[in-house]
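Reviewing the structure listed below.
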Amino acid sequence: MYRITKYIFLSFLVIFLSACGTTEDDTQSVTVSSESSSSSDDNYDYYTPTQPPVVSPPLMQPASVTTGLNDWRKPRVYAKTKILDSCNGESVFSLRPHKNTLEAIFVDYTMPTIYPDGYSLIAVQTRDTTFSIPLQYNSATHKWSKECATVKYVDKNDIYPTYLIRAVNDANGSIVTEEKVVMFDGGTENCKACHASNSAYPLAYPSSGAVNLADAEADYKTNILALHDQKHPNAVSGLLSLLEAKGKMYDTAGLVATSQSTRVTCTDCHGINAVQASGFKNVPALTNAIHDVHANLSEPNITGPNNCLTCHPGETITKTFNGKIVHPFTDAWKDEDGHGEWSENNGVSSCTLCHGMDLRGTKISNNVSCYKCHGKEW
18 MYRITKYIFL SFLVIFLSAC GTTEDDTQSV TVSSESSSSS DDNYDYYTPT
68 QPPVVSPPLM QPASVTTGLN DWRKPRVYAK TKILDSCNGE SVFSLRPHKN
118 TLEAIFVDYT MPTIYPDGYS LIAVQTRDTT FSIPLQYNSA THKWSKECAT
168 VKYVDKNDIY PTYLIRAVND ANGSIVTEEK VVMFDGGTEN CKACHASNSA
218 YPLAYPSSGA VNLADAEADY KTNILALHDQ KHPNAVSGLL SLLEAKGKMY
268 DTAGLVATSQ STRVTCTDCH GINAVQASGF KNVPALTNAI HDVHANLSEP
318 NITGPNNCLT CHPGETITKT FNGKIVHPFT DAWKDEDGHG EWSENNGVSS
368 CTLCHGMDLR GTKISNNVSC YKCHGKEW
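The opening residue of the sequence shown carries number 18 in this note's numbering; numbering runs sequentially from there.
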């Protein structure tokens, strides 16, 4: 029925146009094709898809959309930081991996090739722009990179150092575009204060006694692993298949045995928010595991649970005290430190402003409770 109606309509249209006549300027004629009318896809037979109308309808776009498209076509740097095991010079074990390898690409979609020549990429410390690191270009992958880059801390406010990855015009030195990234090293907790063999704190050694190694770093770290093996003798064997699935080769005899052939990394089993895919679901997070053991001990400097400086001495606090690792539960704090700087400047008691007097969470803190990490002792 539809085909018949359509054919009748077009026939009347031809008769009408013929009756109206043509002028000298009328060079176009209208032809009705019964073949096209009988097409199986006759909803789209008004023109051949490969030959659209001469005058296309205007494309209506808000000004903001046009601006967005123009911005997208500007030169861009896409940068990230990576964990590269070879950048970690620690022996025996590493509490956290070092995230200090830079990788970036520089593209310009307005150029014949989107990877333009005549530019260099450098990493500039955001708070000390006199400190910069050149990145090396790989023409095969079109990537810029710097392995094992130096992580520079400016002062106590530089809790989580950021770097600007800048594209610089080689001809005139102008900055074309830049992208911000965050780097961190493994931290420098003062474990040797108690775990060194000459510290005279027997609770910090295995019951068999201190290892008394000549190398100072190997000495206190081996004492820690030996104590872990004593308290958790099945830790490695019970997780061996999961570790192997991660590509980690551990010795079933324990952590000390593993450290003889490879460096142990605590985040292989104990997760932290700053390292993706770290830890296992049924193993306590790194901050829980460490603080649950140490919170109730008498520290050698100042006794009492409020002493943080034994493990986190003032000279290294900028490397270890940051909100991204300590407070992972609120989306707003994932990219930049907020809690660490706030509590350092205002004191621990200021946590009650958002988390409530009992620290069990309020609407302001999205009901995040401090006890979720710290346990009842805190």
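From the three backbone atoms N, C-alpha and C, an ideal C-beta is built for every residue, glycine too.
Could you say which of the options lies nearest to residue i if we only look at CA atoms?
| i | options | result |
| --- | --- | --- |
| C283 | S103, K99, H115 | H115 |
| A302 | H308, A291, H287, A294 | H287 |
| N117 | K169, Y126, L257, S382 | K169 |
| Y126 | T143, R93, R113 | R93 |
| K91 | A294, T194, T143, T379 | T194 |
| L17 | L112, F148, R377, A166 | In the structure as shown, the chain begins at 18 and stops at 395. Residue 17 is therefore absent and cannot be evaluated. |
| A461 | M128, K163, D145 | With the chain represented from 18 up to 395, any question about residue 461 goes unanswered, as that position is not in the structure. |
| R113 | I289, A157, S214 | I289 |
| T158 | V124, Q277, H245, A217 | V124 |
| D102 | G271, K265, H308, N299 | K265 |
| P178 | N189, M200, G190 | M200 |
| A262 | L376, Y237, A294 | A294 |
| K310 | E196, N189, L220, S386 | In the sequence as displayed, the identity of residue 310 is Val instead of Lys. The option with the nearest alpha carbon to V310 is L220. |
| P223 | N207, S216, H245 | H245 |
| C208 | N384, M374, C328 | C328 |
| G296 | S276, T275, L257, T279 | L257 |
| V300 | N251, T279, S278 | N251 |
| S214 | T279, R377, Y237, D145 | Y237 |
| K248 | T279, D202, A306, E196 | A306 |
| E196 | T143, G271, I381 | T143 |
Assuming residue i is part of the alpha helix (DSSP H), what are its boundary residues?
| i | result |
| --- | --- |
| Q247 | 233-248 |
| S276 | 272-276 |
| A210 | 209-212 |
| T369 | 369-372 |
| S258 | 252-262 |
| I307 | 303-311 |
Just reading off the beta strand (DSSP E) that residue i is part of, what are its end residues?
| i | result |
| --- | --- |
| K99 | 93-99 |
| T146 | 145-151 |
| I139 | 136-142 |
| T118 | 118-124 |
Assuming residue i contacts residue j (C-beta within less than 8 Å), just tell me the rounded distance between them.
| i | j | result |
| --- | --- | --- |
| I122 | K160 | 6 Å |
| D268 | V292 | Wrong, their Cβ atoms sit about 23 Å apart, outside the cutoff. |
| T98 | V198 | 5 Å |
| T304 | V273 | The Cβ separation is near 24 Å, so there is no contact. |
| V228 | A210 | Contact doesn't hold; Cβ gap of about 17 Å is too wide. |
| F148 | V281 | At roughly 32 Å, the Cβ-Cβ gap does not stay under 8 Å, so F148 and V281 are not in contact. |
| T379 | C368 | Actually they do not touch by this definition, with Cβ atoms about 11 Å apart. |
| I241 | H212 | 5 Å |
| A285 | L260 | First, the amino acid is wrong: residue 285 is Asp here, not Ala. Correct: roughly 6 Å between the Cβ atoms. |
Check whether the segment 117-134 touches the segment 214-234, counting contact only when three or more Cβ pairs, one atom from each stretch, lie closer than 8 Å.
-> no
May I have a chain-ordered list of the alpha helix (DSSP H) segments no shorter than 4 residues that lie completely inside the segment 158-202?
-> none
Please determine if the segment 134-151 and the segment 178-185 are in contact, where contact requires at least 3 C-beta pairs separated by less than 8 Å.
-> The way I'd put it, the segment 134-151 does touch the segment 178-185; three or more beta-carbon pairs between them come closer than 8 Å.
Given 8 Å as the limit, is there contact between the segment 144-163 and the segment 101-114, that is, 3 or more CB pairs closer than that?
-> no
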